[in-house]
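Here is the structure we will look at.
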Amino acid sequence: MKAAVLRGTGDAFTVEDLRLRALGPRDVHVRVAASGVCHSDLSIQDGTIPHPLPAVLGHEGAGVVIGTGADVTTVEPGDHVVLAWVAPCRACFFCLRDHPELCEHGLDHAFASPYATASDGTAFLAAFGTATFGEETIVPERACVKIDPEFPFELAALVGCGVVTGVGAVCNSAHVEPGASVAVIGCGGVGLAAVQGARLAGAAPIIAVDRVASKLVLARRCGATDVVDASGTDPVAAVRELTAGRGADHVFEVVGRSDTIEAAFEMTRRAGTCTVVGAGSFSDMVKFGAMQLMVGAKTLRGCVYGSTDPARDFPEIVRLQQAGRLDLDALVTRRIALEELNDAFRAMQAGEVARSIIVY
Ligand SMILES: [Zn+2]
Ligand SMILES: [Zn+2]
1 MKAAVLRGTG DAFTVEDLRL RALGPRDVHV RVAASGVCHS DLSIQDGTIP
51 HPLPAVLGHE GAGVVIGTGA DVTTVEPGDH VVLAWVAPCR ACFFCLRDHP
101 ELCEHGLDHA FASPYATASD GTAFLAAFGT ATFGEETIVP ERACVKIDPE
151 FPFELAALVG CGVVTGVGAV CNSAHVEPGA SVAVIGCGGV GLAAVQGARL
201 AGAAPIIAVD RVASKLVLAR RCGATDVVDA SGTDPVAAVR ELTAGRGADH
251 VFEVVGRSDT IEAAFEMTRR AGTCTVVGAG SFSDMVKFGA MQLMVGAKTL
301 RGCVYGSTDP ARDFPEIVRL QQAGRLDLDA LVTRRIALEE LNDAFRAMQA
351 GEVARSIIVY
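The numbering of the sequence shown is our numbering, which starts it at 1 and goes up by one.
Pasting the structure below:
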């Protein structure tokens, strides 16, 4: 099967023929039908997120089950599935405390052993345990969530990372209430999903902040009532002005940089909540004044994978889209072939796209 492989940090992807390892008893063999290209893949490629290589990246995918190990009981060949990049064990400390997204074993399979080899003998890890930048993959049963077979694959793929991360940050982590004021910094795929989550929650106003005008147009389509172009305006002052000088009840930072996190914290009202969704670098340090932290009485929290429980949330996102309550089509900027992956990364880095989707 063909896969776009990453052999070393900073390398371009090359499409190569790989041979999958044998299926274990709790493994599922999936023919990938579509995969989103997410910013976290870029962070692995450029070394921001440390990851052992060579590997096949891609963690936002959907496809069809084509084989199952002897002990698999929840899916069977022919099922349409969305893949979760954390495969919750359902038994660890965090799983038992309603935090399956923090499962202590959720990524064990990704690092345990290579999932495929090339003809020259090079062995490849499946990054995030999903490796959706390939025509086929092997994932643990726990990473598979069965969905309605009528649902289009390219939208289903987005459900697996960007959509649950954005919608989940608003609905699962922050529990935004009707009428709350919300600001979202960063309007890529995840940020636009957060804007849609705020619309779903009945927030008003919903203020979208970005430096790219086309993304702000998309943000309006996704439910933003106000937009702030941070390339020409001070976003903190603009959000304060739109919230009676107080700042927003909830602010979501979906960039993952210290300067935007500091701005997000500043535009959060006193006793409001600032949720950091963006995946930044371990070495990028965020600074607050000690007094500012106490006097503001704000909550600053991180949010992993939209605090999602894949088995609960993936089918729910599908139903909300089918009911017209979400607009996942708005997130798809372009459809590409696997061979166009390097250009999709360039476009993502340039901020040109919400999401590129590989359609196999
Ligand atoms: Zn992602
Ligand atoms: Zn667990």
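For every residue, glycine included, the Cβ atom is placed at its ideal position computed from N, Cα and C.
Segment limits, alpha helix (DSSP H) that includes residue i
i      : result
Ala238 : 235-241
Gly197 : 189-201
Gly256 : No alpha helix (DSSP H) contains Gly256, which DSSP labels as neither H nor E.
Ala344 : 341-349
Ala311 : 310-322
His39  : 39-45
Leu326 : Segment: none, Leu326 is in no alpha helix (DSSP H) and carries neither H nor E.
Beta carbon of residue i nearer than 8 Å to that of residue j
i      : j      : result
Gly189 : Cys38  : yes
Arg270 : Lys298 : yes
Ser181 : Ala203 : yes
Phe111 : Glu104 : no
Ala362 : Ala62  : It is not possible to answer for residue 362, since the shown part of the chain is limited to 1 through 360.
Ala174 : Val184 : no
Gly245 : Phe133 : no
Met267 : Arg240 : yes
Glu253 : Val276 : yes
Pro52  : Leu125 : yes
Arg334 : Gly36  : no
Gln349 : Leu6   : no
Leu18  : Ala116 : yes
Thr233 : Ile206 : no
Gly272 : Asp249 : yes
Other residues of its chain near residue i: CB distance less than 7 Å, five sequence neighbours each side excluded
i      : result
His109 : Ala87, Gly129, Pro140
Leu216 : Cys187, Ala208, Asp210, Val227, Asp229
Gly67  : Leu23, His29, Pro77
Endpoints, the beta strand (DSSP E) within which residue i is located
i      : result
Asp229 : 226-229
Val15  : 14-20
Ile206 : 206-210
Asp249 : 248-253
Ala271 : 268-276
Gly166 : Here Gly166 belongs to no beta strand (DSSP E); instead the alpha helix (DSSP H) covers 164-168.
Leu107 : Here Leu107 belongs to no beta strand (DSSP E), and DSSP marks it neither H nor E.
Residue i - partner residues in DSSP beta bridges
i      : result
Lys215 : Bridge partners of Lys215: none, in fact.
Ile336 : Ile358
Phe124 : Ala116
Leu6   : Ala55
Asp27  : Pro140
Lys426 : Any property of residue 426 remains undetermined from this structure, which presents the chain solely from 1 to 360.
Asp68  : What sits at residue 68 in the sequence shown is Thr, not Asp. Paired residues: Val28.
Residues near residue i in its chain [Cβ-Cβ closer than 6 Å; skip 5 each side]
i      : result
Phe151 : Val318
Leu326 : Gln196, Leu320
Val82  : Ala62, Val145, Ile147, Ala156, Val159, Gly160, Phe314
Thr437 : With the chain represented from 1 up to 360, any question about residue 437 goes unanswered, as that position is not in the structure.
Gly69  : Leu23, Gly24, Pro25, Arg26, Asp27
Ala337 : none
Ala4   : Phe13, Val15, Phe133, Leu338, Leu341
Arg199 : Gly223
Presumed contact (8 Å Cβ cut-off) between residue i and residue j, rounded CB distance
i      : j      : result
Tyr360 : Val164 : Contact doesn't hold; Cβ gap of about 22 Å is too wide.
Ala127 : Val15  : 16 Å between Cβ atoms; not a contact.
Val30  : Val65  : 6 Å
Cut-off 8 Å between Cβ atoms - residues of its own chain near residue i, not counting five sequence neighbours on either side
i      : result
Ser258 : Gly280, Asp284, Met285, Val286, Lys287
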